[in-house]
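This report refers to the structure that appears directly beneath it.
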Amino acid sequence: MKVLVTGSNGMLGQDLCPVLEDEGYEVIETTRNSMDITDLERVERVINVHAPELIIHTAAYTDVEKAEVEREEAHSVNVAGTRNIVQVCKKQDIPLVYISSDYVFDGEKDSPYKPEDRPNPVNYYGQTKLDGEEAVKELSKYYIIRTSWLYGHHGNNFVTKLLLQDFSKEIKIVDDQIGSPTWTVDLATGIVNIIGKGEKYGIYHVCNSGAVSRFEFAEEIFAVFDLKANIVPCKTSDIQSNVKRPKYSVLDNQGHYRNWEVAFSDFAALADF
Ligand SMILES: NC(=O)c1ccc[n+]([C@@H]2O[C@H](COP(=O)([O-])OP(=O)(O)OC[C@H]3O[C@@H](n4cnc5c(N)ncnc54)[C@H](OP(=O)(O)O)[C@@H]3O)[C@@H](O)[C@H]2O)c1
Numbered sequence: 184m185k186v187l188v189t190g191s192n193g194m195l196g197q198d199l200c201p202v203l204e205d206e207g208y209e210v211i212e213t214t215r216n217s218m219d220i221t222d223l224e225r226v227e228r229v230i231n232v233h234a235p236e237l238i239i240h241t242a243a244y245t246d247v248e249k250a251e252v253e254r255e256e257a258h259s260v261n262v263a264g265t266r267n268i269v270q271v272c273k274k275q276d277i278p279l280v281y282i283s284s285d286y287v288f289d290g291e292k293d294s295p296y297k298p299e300d301r302p303n304p305v306n307y308y309g310q311t312k313l314d315g316e317e318a319v320k321e322l323s324k325y326y327i328i329r330t331s332w333l334y335g336h337h338g339n340n341f342v343t344k345l346l347l348q349d350f351s352k353e354i355k356i357v358d359d360q361i362g363s364p365t366w367t368v369d370l371a372t373g374i375v376n377i378i379g380k381g382e383k384y385g386i387y388h389v390c391n392s393g394a395v396s397r398f399e400f401a402e403e404i405f406a407v408f409d410l411k412a413n414i415v416p417c418k419t420s421d422i423q424s425n426v427k428r429p430k431y432s433v434l435d436n437q438g439h440y441r442n443w444e445v446a447f448s449d450f451a452a453l454a455d456f
């Protein structure tokens, strides 16, 4: 089966493409250079040339802080860009996999969010991801796959940022934001399983199991990498930020995915930083 991937040089894209190839898919990798999703003509042309049987849309504007100020740019990629892909999928009857986020929820629940729970984003990035979901729902053949707290070997993320800190200084980490850290390789495998099994179209939550605070995640990162750092728990309200974040964004994955600590240990064993 021929699959076109958007954002193939992103953190998830770089792990997803090899997993697809290992499963025997023919993969068409597209980047901002080869197919800027905000350019409808280009999107149409590239999709016409390759005639994929499925599209996996991972490309996005992902800087949650900057999205608050660069609203136009975030909207143009996450909403208008997604609408462009939807438009071509609709015309050519191509099923679409859209990667969405735990940030579509407001974090006011105290038990894991189910796919059918009502989204209510508290920041602009979350709003654009939800608007992208709404666009995708216009199709009859779609998978919306929500995930959370991604980290991987190929991008900027909580783990790499933490490991690049100056360890001689005190590092404050919030202990009142709870989520499920998810390794991009486990997400990639989850996506490939869902499409491979021909699961029913609809919304899925794919993340590693278990829930931790950012502070607890940081403790585990330093323990696994055997590093000494002076990390101190703090509250979200102690941190200067122009963005509101959900305090609890654990997704109900129906126990289908392994525990985050086990996944993190496998990630660390392969890390070369
Ligand atoms: N990271 C997380 O914690 C997290 C959590 C939940 C959900 N998600 C979702 O998971 C997906 C993958 O995230 P990620 O962390 O892998 O993101 P990422 O590393 O930021 O990768 C996003 C990719 O999208 C590309 N892109 C941006 N604008 C584009 C455009 N106009 N046209 C074509 N490509 C464009 C980027 O290209 P450039 O490098 O050229 O900018 C980049 O390669 C996203 O949909 C994100 O919303 C992420």
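When we follow this note's numbering, the leftmost residue of the sequence shown carries the number 184, and every step to the right adds one. For each residue, glycine too, the CB sits at the ideal point set by N, CA and C. None of these values were measured; they are calculated from a predicted model.
Measuring CB to CB, does Thr221 end up less than 7 Å from Ala263? Cβ distance < 7 Å, so Thr221 and Ala263 count as in contact.
Specify, as a first and last residue, the run of the alpha helix (DSSP H) that Gly309 falls within. Per DSSP, Gly309 belongs to the alpha helix (DSSP H) from Tyr307 to Val319.
Regarding Ser396 and ligand 1, is the C-beta to nearest heavy atom distance less than 6 Å? Ser396 Cβ: outside cutoff for every heavy atom of ligand 1.
Where the beta strand (DSSP E) containing His388 begins and where it ends: Per DSSP, His388 is one residue of the beta strand (DSSP E) stretching across Gly385 to His388.
Can you list the residues near ligand 1, meaning Cβ strictly closer than 5 Å to any non-hydrogen atom, in the order they appear in the chain? Working through the chain, the matches are Gly190, Asn192, Gly193, Met194, Leu195, Arg215, Asp219, Ile220, Thr221, Thr241, Ala242, Ala243, Thr245, Val260, Ile282, Ser284, Thr330, Leu333 and Gly338.
Work out the CA separation of Asp276 and Arg441 for me, nearest whole Å. Distance between the alpha carbons of Arg441 and Asp276: 34 Å.
What separation, rounded to the nearest whole angstrom, lies between the Cα atoms of Leu357 and Pro295? Going by the sequence as given, residue 357 is Val instead of Leu. The alpha-carbon separation between Val357 and Pro295 amounts to approximately 20 Å.
Determine the closest residue to Tyr326 out of Leu453, Glu255 and Tyr281, with distance taken between C-alpha atoms. When the alpha-carbon of Tyr326 is set against those of Leu453, Glu255 and Tyr281, the nearest one is in Tyr281.
CA nearest to the CA of Ser392, picked from Gly290, Val445 and Val368: With distances taken between Cα atoms, Ser392 lies closest to Val445.
Assuming the contact rule is C-beta atoms closer than 8 Å, Leu279 and His336 should be a hit. Round their C-beta distance to whole Å, please. The Cβ separation is near 27 Å, so there is no contact.
Just checking, does the region 243-262 make contact with the region 308-319 on the three C-beta pairs under 8 Å criterion? By the criterion of at least three beta-carbon pairs nearer than 8 Å, the region 243-262 is in contact with the region 308-319.
Cβ separation of Leu223 and Asn267, assumed to be a contact under 8 Å, to the nearest whole Å: Cβ-Cβ separation between Leu223 and Asn267: approximately 5 Å, consistent with a contact (criterion under 8 Å).
Specify the secondary structure class of Ser448 as computed by DSSP and reduced to three states. In the three-state DSSP reduction, Ser448 falls in the helix class (H, G or I).
Assign Tyr244 to one of three DSSP states: helix, strand, or coil. It is coil, neither helix nor strand.
How do the region 289-309 and the region 250-260 stand: do at least 3 beta-carbon pairs fall below 8 Å, yes or no? In the pairwise beta carbon analysis, the region 289-309 is classified as touching the region 250-260: at least three pairs are separated by under 8 Å.
Rounded separation between Lys297 and Gly193 - CA only: The alpha-carbon of Lys297 is positioned some 27 Å away from that of Gly193.
Element boundaries [beta strand (DSSP E), containing Leu187]: In the DSSP assignment, Leu187 falls within the unbroken beta strand (DSSP E) covering Lys185 to Thr189.
Segment limits, alpha helix (DSSP H) that includes Pro201: Run containing Pro201: Met194 to Asp205, per the alpha helix (DSSP H) assignment.
Give me the residue from Glu353, Tyr286 and Lys320 with the minimum Cα distance to Val426. Checked all of Glu353, Tyr286 and Lys320; the closest Cα to Val426 is Tyr286.
Using DSSP with H/G/I as helix, E/B as strand and the rest coil, what is Ile165? Missing from the structure shown is residue 165; the chain here goes from 184 to 456 and no further.
Would the beta-carbon of Leu345 fall within 7 Å of that of Ile404? The answer is yes: Cβ separation under 7 Å.
If you reduce the DSSP assignment to three classes, tell me which class Trp332 lands in. When secondary structure is reduced to three states using DSSP, Trp332 falls in the coil class, being assigned neither helix nor strand.
Would you kindly check if the distance between the Cβ of Ser432 and the Cβ of Gly362 is under 7 Å? Yes; because the gap between Cβ atoms is below 7 Å, this pair is in contact.
To the nearest angstrom, report how far apart Thr419 and Val188 are at their CA atoms. Counting only the Cα atoms, Val188 lies some 35 Å from Thr419.
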